[in-house]
Amino acid sequence: MSLRPLLIGLAFALATHPAAAQLGADAQRDFTEYENFAPHRAFVVSQDGRATWWAGARGADPAGAVERALKACTEANRPECRLHAVNNVPIPPGGDWQSLAPPRLPEIGRLRAQPFWRNQGPSTAAGLIVWSHGYLLGADATTSAPQPWVGRFTRAGYDLYRFDREYINNWPNDASQLAEAVRAAKAMGYRRVLLTGQSAGGWASVAATMRGAPVDGVVAIAPAHHGTTKNMRDTTIARSDWQQLVRGIKRGRRVAVVNFKDDDYDVGGRMKDASDAFAAAGVEGLVLDEPAGHKGHGAGNSFPFARQYRDCLFAFIETGARQGPCAGP
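Numbering-wise (the numbering used here), the sequence shown opens with residue 13 and increments by one.
In structure tokens form, the structure reads like this:
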């Protein structure tokens, strides 16, 4: 296994925020943790050198994260709270964060660059990570935040794009277009391309891989697309469709699938289906079935899940290593 992506990511991480060297030791530790989380996010430093930050804010821009981070600082009665970074963009003293928005890279098929995010481009980035959000009928999820653990990959130098779908009425077409976008990203020069997502987005990521997307890794959190089990007329359809997906994945990529206890979208048995399919096809698969301490369809969106699993998910996707909580009981 080539170490080049890891070395590129390390170099990127060291160079990402030169301003971090201006922070005190405690604030530097906070900033390192801040960089492990996905956008939208904001980091605030007060005159006494202490830091507050916010991550996981939804929106077309980071305004919500900025507001919450500044509010947390002022409510703690800290003197002269000022922005230090917004997403991964350093903010100089007195700088207007809105005027410092980085140029957005062009769309890749139906993929769009994460708003207000400094991407490096295919020749410099360690790779491209694509986030696909979940979907709820009647709600627009196109401004929802990526799950927090995604920040572990951006910290390592991955560019961040999104597969946004306001409406979902043609699943096969969505999966095919996502696969086409992966091919386009590889043709642009991205060394590695990862598909990640939750619920409907996790399903789309697996479906695109089954349809031949030349991905290097997949992380599917609570993948689903048939709705809640109580509203299903026939739960065997959801199980059968899932089996078709995982049995169609070919070896040559690493696939991590996570399913939580008390997930009201889960028909049961799917994680065993995935394990059996990966073993039969020789796919490097990581199946986390009902990890302890995390419950419900949206459990992957929590900070505790991110802190517990981000490093081992990253290690598995990058090197195939199974460590920490990903090593099994």
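For every residue, glycine included, the Cβ atom is placed at its ideal position computed from N, Cα and C.
No experiment lies behind these values; they were computed from the predicted model shown.
Proximity winner among the options, relative to residue i (alpha-carbon distances)
i      : options                        : result
ALA88  : ARG70, HIS96, TRP65, LEU325    : TRP65
ALA157 : PHE165, LEU149, TYR170, ARG174 : ARG174
GLY169 : GLY260, ASN100, GLN256         : ASN100
ARG70  : LEU82, PHE128, LEU117          : PHE128
ARG124 : GLU79, ARG177, LEU112          : ARG177
LEU148 : GLY310, GLY340, LYS262         : GLY310
GLY121 : ASP186, PRO115, GLY264         : ASP186
ASN48  : ARG322, PRO303, LEU300, ALA333 : ARG322
HIS238 : ARG263, TYR277, VAL218, ALA113 : TYR277
ARG80  : GLN34, ARG94, ALA54            : ALA54
LEU7   : THR86, ASP60, THR208           : Residue numbering for the chain in the displayed model covers 13 to 341; residue 7 lies beyond these limits and cannot be assessed.
LEU206 : SER217, ALA199, ALA196         : SER217
GLY280 : ASP253, PHE317, LYS262         : ASP253
MET283 : GLU302, ALA333, PRO226, VAL295 : GLU302
VAL270 : GLY201, HIS52, GLY312, ARG245  : GLY312
THR331 : GLY264, ASP274, GLY107, GLY340 : GLY264
HIS52  : ASP275, CYS85, ALA286, PRO74   : PRO74
GLN34  : ASP275, PRO104, GLY305, CYS85  : PRO104
PRO226 : TRP215, TYR202, ASP246         : TYR202
THR44  : ARG245, THR166, GLY336         : THR166
THR154 : ARG204, ALA113, ALA72          : ALA72
LEU112 : ALA97, ALA84, ASP228           : ALA97
ALA333 : TYR179, ASN243, GLU296         : GLU296
GLY107 : ASP246, GLY214, ARG94, PRO114  : ARG94
ALA84  : PRO118, VAL56, GLY294          : VAL56
GLN210 : PRO337, ASP285, HIS145         : HIS145
TYR179 : GLN320, GLU192, GLY150         : GLY150
GLU119 : GLN110, GLY133, TRP109         : GLY133
ARG266 : ARG204, ASP152, ALA37, SER188  : ARG204
ALA137 : ALA197, PRO184, LEU82, TRP109  : ALA197
8 Å contact criterion, which residue i and residue j should meet: CB distance rounded
i      : j      : result
ASN131 : LEU190 : Not really, about 19 Å apart at Cβ, beyond 8 Å.
ALA77  : TYR46  : No, ALA77 and TYR46 are not in contact; Cβ-Cβ is about 11 Å, not under 8 Å.
GLN159 : ILE249 : Their Cβ separation, rounded to whole angstroms, is 27 Å, which puts GLN159 and ILE249 out of contact at 8 Å.
ALA220 : VAL194 : 7 Å
ALA292 : VAL230 : Contact flag wrong, Cβ pair sits at about 17 Å.
VAL162 : ALA50  : 4 Å
LEU300 : PHE328 : Between PHE328 and LEU300 the Cβ distance is about 10 Å, and since that is not below 8 Å, they are no contact.
SER135 : GLU92  : So it is not a contact: roughly 40 Å between Cβ atoms.
ASP60  : ARG90  : 6 Å
ALA199 : ALA236 : The pair is not a contact, with the Cβ atoms about 31 Å apart (cut-off 8 Å).
ARG164 : PHE326 : 5 Å
PHE315 : HIS306 : Not quite, the Cβ-Cβ distance comes to about 11 Å (not below 8 Å), so this is no contact.
Endpoints, the alpha helix (DSSP H) within which residue i is located
i      : result
ILE249 : 247-259
ALA81  : 75-87
ASP285 : 282-293
ASP171 : Per DSSP, ASP171 belongs to no alpha helix (DSSP H); it is in the beta strand (DSSP E), 170-175.
ALA157 : Neither: ALA157 is in no alpha helix (DSSP H) and is coded neither H nor E.
ASP42  : 37-46
THR331 : 315-331
GLY163 : 163-167
Extent of the continuous beta strand (DSSP E) to which residue i belongs
i      : result
ALA63  : 63-67
ILE233 : 229-233
VAL142 : 139-144
PHE128 : It is not in any beta strand (DSSP E) - PHE128 carries neither H nor E in the DSSP assignment.
GLY297 : 296-301
Those residues which DSSP pairs with residue i across a bridge
i      : result
TYR202 : Answer is none; TYR202 lacks a bridge partner.
GLN210 : ILE233
ALA97  : PHE55, PRO102
VAL270 : ILE233, LEU300
LYS307 : LYS273
The ligand MN heavy atom lying under 7 Å from the CB of residue i
i      : result
GLN320 : Absence of the ligand MN from the depicted structure is noted, as is the absence of any ligand whatsoever, leaving it without description.
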